[in-house]
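Here's the structure we're looking at; comments come further down.
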RNA sequence: GGGGACGUAGUGUAGUUGGUUAACAUGCGGCCCUGUCAAGGCCGAGAUCGCGAGUUCGAGUCUCGUCGUCCCCGCCA
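Numbering (the numbering used here), first residue to last: 54 to 645.
Structure follows, in structure tokens:
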């Protein structure tokens, strides 16, 4: 038997017991006579004491202690749990009041010196960590994240079982639908020249499951998108995917609210219900983002009206081309240095701003590059409307509405960090609803679905699409919603289209021809004709959720074997070349 | 596709305006040490400064290229 207890579970209550533990040597403290070492397993670590006086009959053990009690070797220890000598307790360890008096030791395996210090692995360069990920994952902090991730999934299953959800697995080898993200493709051996695609989401399958009558479905679904990576984006990620029949938005909000409250307890986070709701338009105009961070105010203001009739060319041109003049008032920001303002300006330009206007309100009035061009009356009014106080800073972007909102949204986040407005341990959820159904792609000169093409429009009677103007079409809202946590989109969903004629009309709007729609989604359109129930659903990004809930800032910390920014696995060296034989079977030739 | 940061013993870092023996910590090896918990003390080994060109009497340091890791823009319905 390898163990009677886990190392990390031993406490004062076990004092006097003969126990057996197995684990890895964490640190060794050799005093020449008495030797201490910590043994570590998934539950924690405990101090083992080797007392030479106990082994005067057994010289062999001295050699074992010397040679094999080394970092990361794997030992089985028989011993007695003892209360530590008064004054030698370690309050930093959960097992710090006791220690194990070694009676017998068995070396289960040796270890080369680890590439890096396990307990400090998070300070090591990431490529080294990823190459030796199995060592990195011995770090208790990382293990804790994965244990919590596991508890989260278990709590989800428990909760959804009580709500009558059925767990169904959908295919990984599926059909390419080149809408949205780039697909990962898998060549077919049976039919050379044909390809499967890995799912970007189980979207269509879960809708089919609703048509099959499963009523409520969920899945912990692996999804794949062949797009460039970010700190919060991996090519392969996990979604908690759900779909409901006979459901309205409010019922979905309610279940997700309760699901989040239930599962966030695992992270020691209390979620206040109901979760707040904000319309897309309000989120954009106040927060400059469709994923507003509600942990701080710093709201965007529209000051266009003040400058109607101004001779200041920047504002004048914006207003003439139906743009907006938007402002952020930054409390105490007048103390920003020239360099601070340059950084903000650079950031604004990175996101497409033509420039960033600023004004510091000081003893001498407004100090700003625009005072030369704007009337004092306008400035006074702006100060009044924005309630600018002495020592405040005003940042102004004058541009097309959406762009100005987006840029100030970015600056808002930057300023919140700079001004330390974000208090640790605060978790603010918000639902965003009433999304526009479509957005216009300037490059391709066509409409794209903002959510996806199966999202129900919110208008019951959206009339003859052919007679609608571009602006009217852009004003159609969809029955889509996102759940946002601390300024990060955790997930999104929608009430789907369950009528064939509506789905066809939407395809038409998206400039997807009848033939194309039949080719790509014919199976769905046909299924909609066989009694598809009204349905809707949502998917939550599990990796992002765990990332936020555990306070890590990289998605790679919550994925056991993540990919690098070039989508490679440094541990296995994937992707890699394959044999000519494999390629021949697939009918694939590599072009140089 | 684009912008930026970084790359020096196993690991984490320092290395001045280019100057001859590349430093420190930790880890590793040896010895000493009976209450430590990042144990301590002494000794020792360990680096073609990511790779390749170039400038120079001389390059870790400057230039160009290249590879890799990270952050961001585009992209991610």
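For glycine and all other residues, C-beta sits at the position ideal for the given N, C-alpha and C. A quick note: this is a predicted structure, and the numbers were derived from the prediction, not measured.
### Query
Would a C-beta distance cut-off of 8 Å place residue 294 and residue 254 closer than the cut-off?
Walking along the first chain from the start, residue 294 turns up at place 241. Walking along the first chain from the start, residue 254 turns up at place 201. Closer than 8 Å, so yes.
### Task
Decide if residue 337 is buried, meaning its Cβ has at least 16 other Cβ atoms within 10 Å, or exposed.
Stepping through the first chain from its first residue, residue 337 is reached at position 284. It counts as buried.
### Query
What are the partner residues of residue 240, as DSSP defines its beta bridges?
Along the first chain, read from residue 1 onward, the residue named residue 240 stands at position 187. 248, per the DSSP bridge assignment.
#### Entry: Contiguous beta strand (DSSP E) assignments of at least 3 residues, all confined to the segment 113 to 157
127 to 136
### Message
With H, G and I counted as helix, E and B as strand and the rest as coil, what does DSSP make of residue 623?
### Response
Mapped onto the first chain, residue 623 falls at position 570. Residue 623: coil per DSSP, three-state reduction.
### Task
Please report how far the alpha carbon of residue 177 lies from the alpha carbon of residue 188, in whole angstroms.
Here residue 177 corresponds to residue number 124 of the first chain, with the count starting at 1. Here residue 188 corresponds to residue number 135 of the first chain, with the count starting at 1. The alpha-carbon atoms of residue 177 and residue 188 are separated by roughly 12 Å.
### Message
Between residue 99 and residue 61, how many whole angstroms is the CB-CB distance? I'm expecting something under 8 Å.
### Response
As a first step, residue 99 is located in the first chain; it is residue number 46 there, counting from the start. As a first step, residue 61 is located in the first chain; it is residue number 8 there, counting from the start. That pair is a contact at about 7 Å.
### Task
Quick one: using the 10 Å Cβ neighbour count with 16 as the cut-off for buried, is residue 192 buried or exposed?
Translated into positions along the first chain, residue 192 becomes position 139. Its Cβ being crowded by 16 or more others within 10 Å, residue 192 is buried.
### Message
I need the boundaries of the beta strand (DSSP E) containing residue 85, first residue and last residue.
### Response
Here the question's residue 85 lines up with position 32 in the first chain. Note, residue 85: premise wrong, no beta strand (DSSP E); not H, not E.
### Task
Please list, in chain order, all residues of the same chain as residue 223 whose beta carbon is under 6 Å from its beta carbon, the five residues on each side excluded.
Along the first chain, one-based indexing puts residue 223 at 170. For residue 223, where only same-chain residues beyond five positions count, the Cβ hits under 6 Å are 255, 258.
### Own chain residues within Cβ distance below 6 Å of residue 560, not counting five before or after
Position 507 of the first chain, counted from the first residue, corresponds to residue 560. Excluding residues within five positions, the ones whose Cβ falls inside 6 Å are 570.
### Message
I'd like the span of the beta strand (DSSP E) that includes residue 377, first residue to last.
### Response
Along the first chain, read from residue 1 onward, the residue named residue 377 stands at position 324. Residue 377 -> beta strand (DSSP E) spans 377 to 383.
### Query
Contact check, residue 544 vs residue 300 under 8 Å by CB: the rounded distance?
What you label residue 544 is simply residue 491 of the first chain in a count that begins at 1. What you label residue 300 is simply residue 247 of the first chain in a count that begins at 1. With 8 Å as the limit, residue 544 and residue 300 do not qualify as a contact, their Cβ atoms being about 16 Å apart.
### Task
Can you check DSSP and say which residues form a bridge with residue 588?
For this step, residue 588 is matched to residue 535 along the first chain. Note: residue 588 sits in a beta bridge opposite 298.
### Task
Within 10 angstroms of the Cβ of residue 306, are there 16 or more other Cβ atoms? Answer buried if so, exposed if not.
Residue mapping note: residue 306 aligns to position 253 of the first chain, counting from 1. Per the 10 Å Cβ criterion, buried.
### Task
Output yes or no for whether 8 Å exceeds the beta carbon distance between residue 292 and residue 595.
Position 239 of the first chain holds residue 292. Position 542 of the first chain holds residue 595. A contact, by the Cβ cut-off of 8 Å.
### Query
beta strand (DSSP E) containing residue 111: first to last residue?
The residue given as residue 111 occupies position 58 in the first chain. From DSSP, residue 111 is part of no beta strand (DSSP E); its letter is neither H nor E.
### Query
Three or more beta-carbon pairs under 8 Å between the segment 476 to 495 and the segment 356 to 370, yes or no?
no
### Query
What residue does the beta strand (DSSP E) around residue 413 start on, and which one ends it?
The residue labelled residue 413 in the question sits at position 360 within the first chain. Its beta strand (DSSP E) spans residues 410 to 415.
### Query
Just the Cα atoms here: how many angstroms apart are residue 118 and residue 70?
Start at 1 with the first residue of the first chain, and residue 118 comes out as number 65. Start at 1 with the first residue of the first chain, and residue 70 comes out as number 17. Each residue's Cα considered, the two are about 23 Å apart.
### Message
So, for residue 533: in the same chain, excluding its five sequence neighbours on each side, which residues have a beta-carbon less than 6 Å away from its beta-carbon?
### Response
As a working note, residue 533 is residue 480 in the first chain. Counting only Cβ-Cβ distances below 6 Å, and skipping sequence neighbours, we find 488, 504, 508, 547.
### Query
Could you give the distance in angstroms between the alpha-carbon of residue 614 and the alpha-carbon of residue 623?
Against the first chain, residue 614 aligns to sequence position 561. Against the first chain, residue 623 aligns to sequence position 570. Each residue's alpha carbon lies about 9 Å from the other.
### Query
If you count every other CB in all the chains shown that lies within 10 Å of the CB of residue 390, and 16 or more means buried, which is it?
In the first chain, residue 390 corresponds to position 337, counting from 1. So residue 390 ends up on the exposed side.
### Query
With burial defined as no fewer than 16 other Cβ atoms inside 10 Å of the residue's Cβ, what is the status of residue 340: buried or exposed?
Numbered from 1 along the first chain, position 287 holds the residue referred to as residue 340. With 16 or more Cβ atoms within 10 Å of its Cβ, residue 340 is classed as buried.
#### Entry: Separation of residue 335 from residue 530, as counted between CA atoms
Mapped onto the first chain, residue 530 falls at position 477. Mapped onto the first chain, residue 335 falls at position 282. Taking the straight line from one Cα to the other gives about 14 Å.
### Query
By Cβ distance, which residues of its chain are closer than 8 Å to residue 442, with the 5 residues on each side in sequence left out?
What you label residue 442 is simply residue 389 of the first chain in a count that begins at 1. Once the five neighbours on either side are set aside, the close Cβ partners of residue 442 are 384, 414.
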